[in-house]
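Residue 360, in the numbering used here, is where the sequence shown stops; the numbers in between run on with no holes.
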Amino acid sequence: MIIAFTKLRNFLYRTVTKSMPGVQKLQKKKNKFLDLFFYVMTHLAGVGVYIAFVPTAWWLHPSEDSIYLSNALILLIAITTYIGNFMKNLFACPRPSGVWQPLKELDFGLPSTHTMNAVANGIFLIMYLKPVWWVCILISIYVIIVALSRIYMGVHSPADVIVGALFGFVSIGFYIVFPDIPREWYFIPFFFFIQVILLSLHSLCFSQYTPCYWRSVVGFGFVFMNYVMEVFERHKVVKNMPPYSCTIHYPFLLLKAFCIGFVISGTGYFIHLGLYSLFIKCHKLLDWYSSNANKIRFYCHHDPLEFTPEMNHQRMIYAVEFFSYYIGGFILAALCKVISPVVIQYYLPDLFNMAICNNL
Numbered sequence: 001m002i003i004a005f006t007k008l009r010n011f012l013y014r015t016v017t018k019s020m021p022g023v024q025k026l027q028k029k030k031n032k033f034l035d036l037f038f039y040v041m042t043h044l045a046g047v048g049v050y051i052a053f054v055p056t057a058w059w060l061h062p063s064e065d066s067i068y069l070s071n072a073l074i075l076l077i078a079i080t081t082y083i084g085n086f087m088k089n090l091f092a093c094p095r096p097s098g099v100w101q102p103l104k105e106l107d108f109g110l111p112s113t114h115t116m117n118a119v120a121n122g123i124f125l126i127m128y129l130k131p132v133w134w135v136c137i138l139i140s141i142y143v144i145i146v147a148l149s150r151i152y153m154g155v156h157s158p159a160d161v162i163v164g165a166l167f168g169f170v171s172i173g174f175y176i177v178f179p180d181i182p183r184e185w186y187f188i189p190f191f192f193f194i195q196v197i198l199l200s201l202h203s204l205c206f207s208q209y210t211p212c213y214w215r216s217v218v219g220f221g222f223v224f225m226n227y228v229m230e231v232f233e234r235h236k237v238v239k240n241m242p243p244y245s246c247t248i249h250y251p252f253l254l255l256k257a258f259c260i261g262f263v264i265s266g267t268g269y270f271i272h273l274g275l276y277s278l279f280i281k282c283h284k285l286l287d288w289y290s291s292n293a294n295k296i297r298f299y300c301h302h303d304p305l306e307f308t309p310e311m312n313h314q315r316m317i318y319a320v321e322f323f324s325y326y327i328g329g330f331i332l333a334a335l336c337k338v339i340s341p342v343v344i345q346y347y348l349p350d351l352f353n354m355a356i357c358n359n360l
């Protein structure tokens, strides 16, 4: 284990604790309307929602621009999720207690990954779509509402949200500065190796289970398979795709396309269950990976310095998550980015024909 940032963790812990009364101050303004509003907004900003809905840009409008935007946004979400979850387990700062809390979170608090993703994704959309000024304002308002919703729902302190916003900027900066890996087959092993090392460095808490790790793992798996499909040009692009200004006039066709894609991609969940059941029986493989990965893994400040027998169960659970969710990410990417578009384009050819613009 790599023990690092102990003094920084102590500082952050004190900062989080001091900021917790801010949750109670905001909740003094609570009412039924705000309860429902912030409950909906906080769920709309979840990583699962992003992963579920970002591929729809590809299902409904499979053009070159859509595939670039979809792939780039998924990569950014994976980077942001990894950084946020790494920090959560590394610093192990508590969530607010003794407040109204309709949502029960199993992981630690700082930073707020909802806020991180909202900030990073919002900046990305403004940079790459270059929308008109009032859309930029709407995106900014959305980011602020997401941040407030995390405090209002009692799941984050103001310090968690502020640090999350700051690291949202760090995440988008890392995405912009980090060199793009060439789309060549001989870079595939290199990309795979880098991902395995990063996931092995990922801090894990063995004295208390948190769902942070599997979120990072499935994101990396999705991104890796996405990269492989880009290398071999497996994305099915429709030439002369009708613009959104035409297809938006056919909401029933768009809804059918969304439902077909969502059902097909949703089968990835059941495939993952099968993978989980398979790998949980591979004790030697799990022990080998976990023992070696833990030599370079960052220490979770919630754990005791000495590894206890009681922590061994969590060690094996995380190892199962590494294999099942990483491979599950491969399958999910194939379902979302190849199989779903092919099926949708086969059953709904009219949606991808320029002739629909002539009927308006």
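Quick reminder that beta carbons are idealized off the backbone N, C-alpha and C, glycines included.
Same chain, Cβ closer than 6 Å to residue i, neighbours up to 5 away in sequence not counted
i	result
CYS315	Checking the sequence, you will find Arg at residue 315 rather than Cys. The residues are PHE206, SER290.
THR6	none
Nonlocal neighbours in the same chain, by C-beta distance under 8 Å from residue i, ignoring five residues either side
i	result
LEU12	PHE91, CYS93, LEU110, ALA159, VAL163
PHE191	ILE181, PHE224, TYR227
LEU76	ALA120, ASN121, PHE124, SER171, ILE172, TYR175
LEU34	TYR152
SER63	VAL237, VAL238, MET241
Nonlocal neighbours in the same chain, by C-beta distance under 7 Å from residue i, ignoring five residues either side
i	result
LEU275	SER324, ILE327, GLY328
LEU204	ASN89, TYR213, ARG297, CYS300, TYR318
GLN195	PHE220, PHE224
ARG9	PHE91, HIS301
GLU105	ARG95, VAL155
Three-state secondary structure assigned by DSSP to residue i
i	result
TYR299	strand
LEU204	strand
THR247	helix
GLN27	helix
ARG14	helix
CYS93	coil
ILE280	coil
TRP100	coil
ALA45	coil
Rounded distance between the beta-carbons of residue j and residue i, thought under 8 Å
i	j	result
LEU103	VAL155	5 Å
GLY261	SER340	4 Å
ILE280	ILE331	About 18 Å separates the two Cβ atoms, so there is no contact after all.
Status (buried if at least 16 other CB within 10 Å, exposed otherwise) for residue i
i	result
LYS28	exposed
ASN292	exposed
ARG183	exposed
SER70	buried
ARG234	exposed
VAL177	exposed
TYR269	exposed
PRO96	buried
LEU278	exposed
ASP65	exposed
HIS114	buried
TYR82	buried
Does the count of Cβ pairs from the stretch 342-355 and the stretch 226-243 closer than 8 Å reach three?
-> yes
Would you be able to state if there are at least three C-beta pairs under 8 Å between the stretch 248-260 and the stretch 337-351?
-> yes
If you pair each beta-carbon of the stretch 330-343 with each one of the stretch 260-273, do three or more pairs fall below 8 Å?
-> yes
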